[in-house]
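J.: I have a structure here, written as structure tokens, and I will follow up with some questions on it.
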Amino acid sequence: MKKDIHPDNYRLVVFKDMSNDEVFLCKSTAETKDTIEYEGVEYPLVKMEISSSSHPFYTGKIKLVDTAGRVDKFFNKYKNYKK
Numbered sequence: 139m140k141k142d143i144h145p146d147n148y149r150l151v152v153f154k155d156m157s158n159d160e161v162f163l164c165k166s167t168a169e170t171k172d173t174i175e176y177e178g179v180e181y182p183l184v185k186m187e188i189s190s191s192s193h194p195f196y197t198g199k200i201k202l203v204d205t206a207g208r209v210d211k212f213f214n215k216y217k218n219y220k221k
């Protein structure tokens, strides 16, 4: 492996899936201003919209994630093209 190409500032960070409130703790260099108490200890918090605990590929469940009405705009735009 090449020397001096990896960051030195790894620390424990909590990642939170905002769609289902699932949290997990792992080492990361992600910068964040938020913190959360997890198992009695305060950690930096990274908020995510989707993770393996909510992604349809991993869960096997289809879920529409509508951001600012984009799904409705799509259906309205193409509603006349139904068979």
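Quick note on our numbering: the sequence shown kicks off at 139 and runs consecutively. In this text, a Cβ means the ideal position worked out from N, Cα and C, and glycines have one as well. Just so we're clear, the structure is a prediction, and the values are computed from it rather than from any experiment.
#1: Under 8 Å, do L237 and V152 count as touching if we go by C-beta distance?
#2: Measure the beta-carbon distance from Y148 to S166 and round it to whole angstroms, keeping in mind my assumption that it falls under 8 Å.
#3: Per DSSP, P182 forms a beta bridge with which residues?
#4: Using the Cα positions of S189 and E160, report the straight-line distance between them to the nearest angstrom.
#5: Would you kindly work out how many angstroms separate the C-alpha atoms of M186 and N214, rounded to a whole number?
T.: So, from the data block:
#1: Residue 237 is absent from the model: the chain starts at 139 and stops at 221.
#2: Taking the first residue of the sequence shown as position 1, residue 148 is located at position 10. Taking the first residue of the sequence shown as position 1, residue 166 is located at position 28. Correct: roughly 7 Å between the Cβ atoms.
#3: The residue labelled residue 182 in the question sits at position 44 within the sequence shown. DSSP, once it has assigned bridges, lists T173 as partnering P182.
#4: Translated into positions along the sequence shown, residue 189 becomes position 51. Translated into positions along the sequence shown, residue 160 becomes position 22. In a straight line, the C-alpha of S189 is about 9 Å away from that of E160.
#5: Locating residue 186 in the sequence shown gives position 48, counting from the first residue. Locating residue 214 in the sequence shown gives position 76, counting from the first residue. Answer to the nearest angstrom: the Cα atoms are 29 Å apart.
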